[in-house]
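Q: Numbering-wise (UniProt numbering), the sequence shown opens with residue 1 and increments by one.
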Amino acid sequence: MVAPLSAWPWENLGPFKYLLYGPFLAKVLYSRIQEETIEESWCLHILIICALRASIYQYWTSWSNMLFLTRNRRILPQGVDFKQIDKEWDWDNFLILQALLASMALYIFPSLSSLPLWNSGGFIAVILLHVGVSEPLYYWIHKCFHGNYLLTHYHSLHHSSPVPQAFTAGNATFLEHLILSAVIGLPVMGTCLLGCGSIATVYGYLLIFDFLRCLGHCNVEVVPHHWFEKLPLLKYLLYTPTYHSLHHTEMGTNFCLFMPLFDALGNTMNTKSWELHKNISSNSGTNKRVPDFVFLAHVVDIMSAMHSPFVLRSFGSTPFTTRLFLLPMWPFTFGVMLVMWARSKTFLFSFYNLRGRLHQTWVVPRFGFQYFLPFATDGINKHIEEAILRADRLGVKVLSLAALNKNEALNGGGTLFVNKHPNLKVRVVHGNTLTAAVILNEIPVEVKEMLTLSTERFQKVQKEAPTEFQKYLVQVTKYHAAQNCKAWIVGKWITPREQSWAPTGTHFHQFVVPPIFSFRRDCTYGDLAAMRLPDDVEGLGSCEYTMERGVVHACHAGGVVHRLEGWTHHEVGAIDVDRIDLVWKAALKHGLKPVKLSTKKEKEK
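1. Starting from the N-terminal side, write out each stretch of the alpha helix (DSSP H) that is 4 residues or longer and does not extend beyond the stretch 401 to 488.
2. What is the DSSP secondary structure of A554, counted as helix, strand or coil?
3. Which one of N381, I302, F167 and G14 has the shortest CA to CA distance from G216?
4. Could you spell out where the alpha helix (DSSP H) holding W362 opens and where it closes?
5. So, is H430 buried or exposed, given that buried needs 16 or more other C-beta atoms within 10 angstroms?
6. Within its chain, find whatever has a CB closer than 7 Å to the CB of C485; leave out the 5 residues flanking it on each side and keep chain order.
7. Counting C-beta neighbours from all protein chains within 10 Å, is the total for P331 16 or more, i.e. buried, or is it exposed?
8. Give me the Cα-Cα distance between S120 and R71, rounded to the nearest whole angstrom.
9. Cα separation between G14 and L20?
10. Would you report the Cα separation of M206 and T253, rounded to the nearest angstrom?
11. Closest by CA to L564, which one among I580, L592, I280 and K278?
12. Using CA atoms only, rank isn't needed, just tell me which of Y154, L194, I56 and E548 is closest to L112.
13. Is the CB of I302 under 8 Å away from at least one CB in chain B?
14. Report the CB separation of L180 from N171 in whole angstroms; it is logged as a contact under 8 Å.
15. How about F511 and T433: are their beta carbons less than 8 Å apart?
16. By the three-class DSSP mapping on this structure, what secondary structure does T524 have?
17. Is it a yes or a no for the stretch 275 to 285 touching the stretch 214 to 229, going by three-plus beta-carbon pairs under 8 Å?
18. Please classify R74: does DSSP put it in a helix, a strand, or coil?
19. Specify the secondary structure class of K492 as computed by DSSP and reduced to three states.
20. Give the straight-line distance between the Cα atoms of A3 and H130, rounded to the nearest whole angstrom.
21. Hey, out of L175, P164 and G79, whose CA is closest to P9's CA?
22. Pop quiz: V583 and V561 are said to be a contact at Cβ under 8 Å. What is the actual Cβ separation, rounded to whole angstroms?
23. Looking at the ligand MG, does it come within less than 7 Å of T377, judged from the CB to the closest heavy atom?
24. Could you pull the start and end residues of the beta strand (DSSP E) that Y352 belongs to?
25. Tell me which same chain residues have a C-beta within less than 6 Å of the C-beta of D210, skipping the five on either side of it?
26. Is T268 closer than 8 Å to F255 when the C-beta atoms are compared?
27. In terms of DSSP beta bridges, what is E571 paired with?
28. Taking 8 Å as the threshold (C-beta atoms), are N219 and V183 in contact?
29. Residue range of the beta strand (DSSP E) that F295 falls in?
30. Quick one: Cα of L358 to Cα of Q165, how far?
31. Report, in whole angstroms, the separation of the C-beta atoms of F24 and L47, which I expect to be a contact under 8 Å.
32. Taking the alpha helix (DSSP H) that T189 falls in, what are its first and last residues?
33. Taking the C-alpha atoms as reference points, what is the distance between E39 and Y30?
34. Just to confirm my understanding: we take S103, look at its own chain, exclude 5 residues before and 5 after, and list those with CB closer than 6 Å. What are they?
35. Determine the DSSP secondary structure at V595, reduced to helix, strand or coil.
36. Counting along the chain, where does the alpha helix (DSSP H) carrying R579 start and finish?
Here it is as structure tokens:
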């Protein structure tokens with residue numbers, strides 16, 4: 001049975017919970033239409049404050065997930081996985097709650113709706129009330145919530161997130177946020193009732209409160225340790241991300257709201273707090289852990305660039321599709337793209353752990369269409385080469401090239417870099433062997449004829465086949481020659497007109513990025529060649545382009561298998577057909593699963 005006040009009243013509304021803001025918006029519109037003024041509408045201020053507060057949490061989460069900036073300042077090294085993201089999906093419930101409570105307070109005390117814009121005395125009053133009332137009240141209540149009953153039925157939800165982030169601060173039960181609303185509201189209400197409140201005081205206190213909440217939960221140490229060396233008293237007035245992180249790992253300590261002073265007075269301060277903070281802060285410029293495997297990806301288009309975990313975490317945790325809410329962000333993303341063209345370098349995108357090894361995704365700052373511009377070839381290859389050399393210096397064991405980064409016309413499937421740098425310690429892998437294995441294993445056994453659209457090297461490929469099978473390989477130069485073939489293997493872009501030559505009932509197997517348009521309603525289109533990662537993968541919280549959760553492109557999976565097997569050869573250039581079955585069996589041995597088979601089993605469960 002669910003404990004009283006643990007569930008949110010609008011828990012079953014899903015995204016329709018935002019309709020609870022409707023009355024506020026209606027009041028604003030009514031004031032504008034009927035009264036021709038909205039300057040004094042308290043509903044407008046509530047909506048603005050909620051929007052600003054939500055932005056603070058979003059910006060802190062985005063920044064903490066910019067691994068290319070924060071990887072060496074992270075307190076807990078593991079990644080945020082899908083389970084935590086789903087658990088924190090409704091982190092913003094408390095904003096709706098506090099908006100409703102604010103409207104109730106204004107109904108009870110109508111004088112609050114006519115506050116002046118500025119009152120300097122209000123800032124002093126709100127600080128005194130916060131330190132004298134909110135801080136000790138929160139400390140005492142927080143300790144109570146760590147008692148057996150309250151912890152089990154209420155507070156355990158908040159502590160169930162293994163990696164604190166700004167959204168974690170909002171992830172709590174209804175009862176907890178009712179109490180927290182009182183902690184926040186007392187200084188604001190007290191200041192207003194004392195006659196020194198102002199609109200600036202309300203805005204300032206609430207936004208600073210949220211800023212400090214996000215600071216403590218961001219999992220990235222940003223407070224320099226030398227501040228406390230120069231001003232020792234400061235360590236009792238301002239907590240740090242490290243300080244609060246210890247509360248999540250050792251829950252019997254560090255209960256304060258923002259001021260460790262109350263932990264010192266209550267004898268609940270963790271003795272490791274300041275030493276650990278100093279170590280993390282002073283070592284922020286060093287690489288703590290070198291990845292074993294790197295997948296060198298690229299951006300497909302401007303829209304998909306917003307499918308990053310540091311843009312919208314929830315959106316990045318689902319397969320990419322173009323959404324309407326992305327359109328207003330397009331101009332800004334385009335501007336970022338121009339900056340990336342001019343000066344950006346390869347950056348760390350995401351990471352996960354598998355079998356105790358760190359796997360990272362680096363992104364080349366180039367968009368898909370650029371790979372087809374002749375004048376961009378040298379610049380793209382330079383970026384790829386720099387990434388390979390960087391990985392080699394760090395001690396990375398395997399680097400796998402994503403779709404267009406291994407384009408035959410661009411660098412010969414990676415042979416350009418291996419030939420140019422024969423002493424590379426890092427193994428460069430294009431993953432095409434496993435890609436071929438995935439495609440071959442998804443073709444039904446009853447298929448007797450196939451059309452393969454992937455290569456211009458027909459004569460060389462034909463000679464690689466056993467003599468007795470070479471007669472079955474026929475070069476097709478015109479699409480109408482395959483008008484009776486119902487199995488098309490697509491490795492290069494084909495237009496809707498070219499697809500029109502396929503007969504009704506054709507299935508398009510594809511390993512081309514971006515995927516071809518699903519133009520034919522009388523045909524079926526396969527997903528990009530991919531495999532599901534093993535079940536013991538940890539810290540994975542973003543989807544790879546249009547792939548489902550836990551699914552990666554076959555070229556990515558090929559690099560993973562290369563590393564898990566400990567193979568010491570480069571996999572570049574033409575595929576060694578004799579290794580297709582070997583690589584496929586190795587993938588299955590290490591727990592990677594065909595996507596269709598794994599999806600079927602999950603549905604059966």
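The beta carbon of each residue, even a glycine, is placed where N, CA and C say it ideally should be.
Remember, predicted model here, so these are calculated numbers, not experimental data.
A: According to the structure shown:
1. 408 to 411, 415 to 420, 432 to 442 and 458 to 464
2. helix
3. F167
4. No alpha helix (DSSP H) holds W362; the beta strand (DSSP E) holding it covers R357 to F367.
5. buried
6. E449, M450 and L451
7. exposed
8. 41 Å
9. 12 Å
10. As written in the sequence, residue 206 is Leu, which differs from the Met given in the question. C-alpha separation (whole angstroms): 26 Å.
11. L592
12. L194
13. Within the model displayed, chain B is absent; a lone protein chain is all it includes.
14. That pair is no contact at about 12 Å.
15. no
16. strand
17. yes
18. strand
19. coil
20. 30 Å
21. L175
22. 6 Å
23. No copy of the ligand MG occurs in the structure displayed, which carries no ligand at all.
24. F347 to L354
25. R53 and I56
26. yes
27. V429
28. no
29. F293 to V299
30. 21 Å
31. 5 Å
32. Checking the sequence shown, residue 189 turns out to be Met, not Thr. Start and end: F174 to L193.
33. Reliability fails at E39, whose pLDDT of 47 lies under 50, so the model's placement of it is uncertain and no value is given.
34. none
35. helix
36. Where R579 is concerned, there is no enclosing alpha helix (DSSP H), given that its DSSP letter is neither H nor E.
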